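S.K.: Sequences listed follow chains A and B, in order. For the record, in the first sequence the residue sitting at position 265 is 265 according to full-length UniProt numbering, with numbers rising by one throughout. For the record, in the second sequence the residue sitting at position 172 is 172 according to full-length UniProt numbering, with numbers rising by one throughout.
Protein chains: 2
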Amino acid sequence: MSATLASRCARKSLLSKVMTPSEAAHKFFKTGMTVGFSGFTPAGYPKVVPIALADMVEKEGAKLQFELFAGASVGAETEDRWAKLGMESRRWPYQTGKNIAKGINTGKIEMGDIHLSAFAQNLAWGFFTKDHTTNPGKLDIAIVEATAITEDGGLVLGTGVGITPEILALADKIIIEVNTSLPVLRGIHDIVPDLRPPYRRPFLISRVDDRIGSDLAYFDENKVVAVVESNLPDNGRGFSAVDEDSKKIAGHIMDFLANEVKQGRLPENLLPLQSGVGNIANAVVGGLATSQFEHLQVWSEVMQDTVLDLFDAGKLDYASAVSLSLSPEGFKRFYSKLDFYKKHVVIRPEAIANFSEIVRRLGVIAMNTPVEVDMYAHANSSLIGGTKMINGLGGSGDFLRNAYLSIMHTPSARKSKTDPTGISCIVPMAAHIDHTEHDLDVIVTEQGLADLRGLSPRQRAQCIIKNCAHPDYKDQLMEYYKMAEKKCLAAGAGHEPQILALAHKMHVNLEENGTMKLKSW
Amino acid sequence: MSATLASRCARKSLLSKVMTPSEAAHKFFKTGMTVGFSGFTPAGYPKVVPIALADMVEKEGAKLQFELFAGASVGAETEDRWAKLGMESRRWPYQTGKNIAKGINTGKIEMGDIHLSAFAQNLAWGFFTKDHTTNPGKLDIAIVEATAITEDGGLVLGTGVGITPEILALADKIIIEVNTSLPVLRGIHDIVPDLRPPYRRPFLISRVDDRIGSDLAYFDENKVVAVVESNLPDNGRGFSAVDEDSKKIAGHIMDFLANEVKQGRLPENLLPLQSGVGNIANAVVGGLATSQFEHLQVWSEVMQDTVLDLFDAGKLDYASAVSLSLSPEGFKRFYSKLDFYKKHVVIRPEAIANFSEIVRRLGVIAMNTPVEVDMYAHANSSLIGGTKMINGLGGSGDFLRNAYLSIMHTPSARKSKTDPTGISCIVPMAAHIDHTEHDLDVIVTEQGLADLRGLSPRQRAQCIIKNCAHPDYKDQLMEYYKMAEKKCLAAGAGHEPQILALAHKMHVNLEENGTMKLKSW
């Protein structure tokens, strides 16, 4: 055992359980098990034991296949490799990786997605494993990354929490990976138990910086079967460069927010911001860094590099997140000012960060990117062509449903294989619907912004087509809308006009002809 | 002024504002105004002033047209008559009545629906009237029914609260209808202000019978322009008889709940129940009245006659609702035991009753009837054929999204004009989606129950078709599913198989041929 590991594990009774990742992998796993991972959207996930298990399959020909539950995605070196080796039969609720997506979309992996806050509680309530013959309602094993174990047996977690409290409580066996390559992150987490109804009580968070729990995660020591040392870094998220269209979108959003402040509908320092991932999100946060807004706050799932920029620009007072989804460079920046960030950042379980109660109380401004939105403001966040899973729903619904302002931003068009604007992100009817017209306030593309608050469906359609659609599609969409309106109003069925036989014609044309541009309706 | 009115209005300074409904109608209204109504799903709504306004139009040829905002539906004698007379240009967020539905579906009335809890707050935040030239962000006038006014100027409200606190705060002018035909309902309401973020604080309700506000609604007396006497009863909801299929559905749900208790996933007295309206809801509540469950609680929007039965059966400890949606006979029963009900019933604003925070904390069991559900468990609650508005979304999303268990119950098929089972309520893809696959746990028809928790989309589709579809449609649906699965898996796009060109073929066939039964796919 390394001296560093010994110093990180102040709970001496656990030192007898120290072993190598390979020993743990060989000793405690068998095929068919239900496994929980700590971490969230790659940060704070277990690394060395999952890799050792993959090595067993790849190098020793072991037959291992698991049902995997993790807060969101984990690093490709673990789960995507598992998928490549056929080691996953089931996965909830969010993933990233070419191999796992392939497994899901070819029917080899049973995946499902659900709002992340609902996932955490439903897993804890036993809904996901209720029909298992062994350990019904429980998990067989949890693998949790920590940066230290305190003398009283508390875990100082890593860079992402996800569903760690739930899997520590739910699993029969616990393996702890102490990552000695990370600083001890003591004091940055806020871990609170989420009791099951009828015993659930209010979560008394009324400000982004309120803390209501412990900075440590506690667990039943008797369930710990192994403590292993890890020195692998988080496989951080690369930084997406900001393109011109994203800058335009960010500009529209800045103008909109400034006007909301002017009209007295938002305070001068706005309200806590939730921002998704990707280059539009980066552009928006970049826009805020050079804006007139000050004393901003972030209440979000992931904290990307741009949030560090916002701190550096002196614009941001406090950030709450479920994980540090930073680039390798971003992690360096974060750790170099760790004392500062411990005072300005809190990492929470997704059961709390995504909980409707708190998102709604705080009045979060939610901003996310969909696959497509339709002219009535239903959004598809997960399935290309209505059938092909990308990553999953994530927390988009937790935030968009409960936000003070729900904003979806998207380029107006994307390229298909043969047409630079072959895919319109504004369609008559989304091919799949994750968020309904009842949940979105604002749609933004580089073309402009549609403020949908208070509009009837027919007003909404015209506003979205006019303000947001790409010029290549504006006439085509308006022709469809007018045709549908005429038919449905005449039939006395025109609250939300559609012609079902044509509503997905643009999608079908994309599949058959490589573009959503139609010869005719 | 009647002696009764004088005795009901202990705030003497308001007596100078007493006038007839006709006087108030003639004096304070002009066309184009934004108007707010108290009440909810016909109970507690203003009656005599709206009727006087309709009389002005019908008998005097007055030109009056309003934008109307009310918590949910109001009695047909007010709003539906307004719609018939062309007196409504805009309406949010829920309505019932032949004339208003016709106005909406022929494009004469701009209606929109949104989750009721979001409606209350978004109205209060000024989102619905932000672009008005007069009174932007406000309402011009609020008409509120009360059963008394206290000496300190508090309103004892009527049988339904809805958005009363919001419109009292938001309107420039207030008209109070004191309904002297109702008992003074003092002590049954719990009214709490919902502060705007960033000032919103936790609502400390952890039990159905927790009270956190006042039993009175307060308002700025200077805004009161008229106090009028009303003696019209609430135009109560008729009682729907229970048919055989509904009894079967209720039976499946009773078995399911009993098993959840047995498995330890529900306490013996279940969790607070939310039940929608209609004959399936009546059958379910009827089923509970003769079940083994005791000490039940209700946390719902409307309290129907069957809830009185549940009290009478000694099964129900407490009920919280937004309105008493009782039949005339039910109102008699309620008023005859008013002292009992004041100790066992609370009427709350929809901003509180439907608020995600509380629904989720309490762990409500939500049960609602959709228009249709699809094989992946997306539900259409509002639009026939995807385009024709019935009533609106209501609070279904508030409850289904945040519930401990989200249950949708529907007959497996309904009759079309020419075919007794011409409409399948299980379809490949819902024609409109109000609730997504991420929100529903259980689908029930008279055929059986599909427990969808933890199932992937492909598992879900097969489970729903097998357990819930009508025998006339089972093979047809399975043929579609298998065809879609084959195509999408082969294309590596099979997470949630659909064939977009065929997904609504059953709906199109209904429109063209009067039945969803296809000759072939």
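We put the beta carbon where it would ideally sit given N, CA and C, even for glycine. All values reported here derive from a predicted model rather than from experimental measurement.
For the beta strand (DSSP E) that contains A/Gly-36, what are its first and last residues?
M.R.: Counting along the chain, the beta strand (DSSP E) containing A/Gly-36 begins and ends at 34–37.
S.K.: For B/Asp-451, which of helix, strand or coil comes out of DSSP?
M.R.: In the structure shown, B/Asp-451 sits in a strand (DSSP, three-state: E or B).
S.K.: Just to make sure I have the definition right: I need the residues of chain B whose C-beta is within less than 9 Å of the C-beta of A/Phe-66. Which are they?
M.R.: Ordered by position in chain B, no residue passes the 9 Å Cβ test against A/Phe-66, which lies about 15 Å from the chain.
S.K.: Around the C-beta of B/His-189, are 16 or more other C-beta atoms found within 10 angstroms, so that it is buried, or is it exposed?
M.R.: Under this definition B/His-189 is a buried residue.
S.K.: Once the 5 residues before and after B/Val-35 are set aside, which same chain residues still bring their CB inside 6 Å of it?
M.R.: Within the same chain, B/Val-35 has close Cβ partners Phe-66, Leu-68 and Ile-141.
S.K.: Comparing C-alpha positions only, which one of A/Ala-250, A/Met-389 and A/Asp-220 sits nearest to A/Ser-291?
M.R.: Per the Cα distances, A/Ala-250.
S.K.: Could you tell me the alpha carbon to alpha carbon distance between B/Leu-455 and B/Tyr-376, rounded to whole angstroms?
M.R.: Distance between the alpha carbons of B/Leu-455 and B/Tyr-376: 10 Å.
S.K.: Between the region 295–317 of chain A and chain B, which residues of the former have a C-beta closer than 8 Å to a C-beta of the latter?
M.R.: Here the close residues number zero.
S.K.: Compare the Cα-Cα distances from A/Glu-446 to each of A/Ala-413, A/Thr-436 and A/Pro-428 and report the closest residue.
M.R.: Nearest of A/Ala-413, A/Thr-436 and A/Pro-428 to A/Glu-446, Cα basis: A/Ala-413.
S.K.: My output table needs one value for B/Ile-499: the three-state DSSP class, helix, strand or coil.
M.R.: Here B/Ile-499 sits in coil by DSSP.
S.K.: Could you compute how far the alpha carbon of B/Ile-174 sits from the alpha carbon of B/Arg-8?
M.R.: About 18 Å.
S.K.: Compute the distance between the beta-carbons of A/Gly-278 and A/Met-254, then report whether it is under 8 Å.
M.R.: In this structure, A/Met-254 does not lie closer than 8 Å to A/Gly-278 by Cβ.
S.K.: Which residues, in order along the region 105–130 of chain B, keep a beta-carbon less than 8 Å from a beta-carbon of chain A?
M.R.: Those would be Asn-105, Thr-106, Gly-107, Glu-110, Met-111, Gly-112, Asp-113, Ile-114, His-115, Ala-118, Asn-122, Trp-125, Gly-126, Phe-127, Phe-128, Thr-129 and Lys-130, in chain order.
S.K.: Which whole-angstrom value describes the C-beta separation of A/Gln-274 and A/Phe-119, a residue pair presumed to lie in contact below a C-beta threshold of 8 Å?
M.R.: Incorrect: roughly 17 Å between the Cβ atoms, too far for contact.
S.K.: Tell me whether B/Ser-181 sits in a helix, a strand or coil according to DSSP, three-state version.
M.R.: Correct three-state label for B/Ser-181: coil.
S.K.: Report the neighbours of B/Arg-200 on chain A: residues whose CB is nearer than 7 Å to its CB, in chain order.
M.R.: The contacting residues are Arg-361 and Gly-363.
S.K.: Using a Cβ cut-off of 7 Å, which residues of the region 480–495 of chain A contact any Cβ in chain B, in chain order?
M.R.: Taking 7 Å as the Cβ-Cβ cut-off against chain B, the residues of the region 480–495 of chain A that qualify are Cys-488, Leu-489, Gly-492, Ala-493, Gly-494 and His-495.
S.K.: Please state if the CB of B/Met-478 and the CB of B/Ile-465 are separated by a distance shorter than 8 Å.
M.R.: Contact flag set, yes.
S.K.: Measure the Cβ-Cβ separation of A/Asp-419 and A/Gly-514 and say whether it is below 8 Å.
M.R.: Contact flag set, yes.
S.K.: So if DSSP puts A/Pro-349 in a beta bridge, which residue, or which two residues, is it bridged to?
M.R.: According to DSSP, A/Pro-349 bridges with A/Gly-162.
S.K.: Compile a chain-ordered list of the residues in the region 423–450 of chain A whose CB is closer than 9 Å to at least one CB of chain B.
M.R.: Hits within the stretch, in order: Met-429, Ala-430, Ala-431, His-432, Ile-433, Asp-434, His-435, Thr-436, Glu-437, His-438, Asp-439 and Asp-441.
S.K.: In this structure, what does DSSP give as the bridge partners for A/Ile-149?
M.R.: A/Ile-149 is bridged to A/Cys-9 and A/Leu-155.
S.K.: Kindly provide the ranges of any beta strand (DSSP E) runs that are 3 or more residues long and lie completely inside the region 297–377 of chain B, ordered along the chain.
M.R.: Listed in chain order, the complete beta strand (DSSP E) runs (minimum 3 residues) inside the region 297–377 of chain B are 316–321, 345–347, 365–368 and 372–374.
S.K.: Looking at chain A, is there any beta carbon in it that lies within less than 8 Å of the beta carbon of B/Arg-265?
M.R.: Output row for B/Arg-265: interface = yes.
S.K.: Would B/Lys-388 count as contacting chain A if we go by Cβ distances under 8 Å?
M.R.: Yes, contact with chain A.
S.K.: Are the C-beta atoms of A/Val-35 and some chain B residue less than 8 Å apart?
M.R.: So no, A/Val-35 is outside the interface.
S.K.: Considering only C-alpha positions, which residue in the set A/Gly-238, A/Ser-13, A/Met-56 and A/Arg-91 is nearest to B/His-495?
M.R.: It is A/Arg-91 whose Cα lies nearest to the Cα of B/His-495.
S.K.: Taking Cβ to Cβ, would you say B/Leu-393 is nearer than 8 Å to B/Ile-114?
M.R.: Their beta carbons are under 8 Å apart, which means B/Leu-393 touches B/Ile-114 by this criterion.
S.K.: Classify A/Lys-486 as helix, strand or coil using the three-state DSSP reduction.
M.R.: Helix at A/Lys-486.
S.K.: Thinking C-alpha only, which one of B/Ala-281, B/Asn-467, B/Ser-520 and B/Glu-294 is nearest B/Ile-443?
M.R.: Taking only the C-alpha atoms, the option nearest B/Ile-443 is B/Asn-467.
S.K.: Counting Cβ pairs closer than 8 Å, one from the region 401–409 of chain B and one from the region 310–317 of chain B, do we hit at least three?
M.R.: With a cut-off of 8 Å, the region 310–317 of chain B and the region 401–409 of chain B do not count as touching, because too few Cβ pairs lie within range.
S.K.: Run down chain A in chain order and give the residues with a C-beta less than 7 Å from the C-beta of B/His-252.
M.R.: Residues of chain A passing the Cβ test: none, with the nearest at roughly 18 Å.
S.K.: Give every residue of the same chain whose Cβ lies closer than 6 Å to the Cβ of B/Phe-256, excluding the five residues on either side of it in the sequence, and list them in chain order.
M.R.: Same-chain partners within the cutoff: Leu-449.
S.K.: Whose Cβ in chain A lies nearer than 9 Å to the Cβ of B/Gln-459?
M.R.: The answer, in chain order, is Glu-110 and Gly-112.
S.K.: CA-CA distance, A/Arg-237 and A/Gly-330?
M.R.: Those two C-alpha atoms are separated by around 9 Å.
S.K.: Which residue from B/Ala-101, B/Leu-518, B/Gly-160 and B/Pro-93 puts its Cα closest to that of B/Thr-387?
M.R.: Of the listed residues, the one whose Cα sits closest to B/Thr-387 is B/Ala-101.
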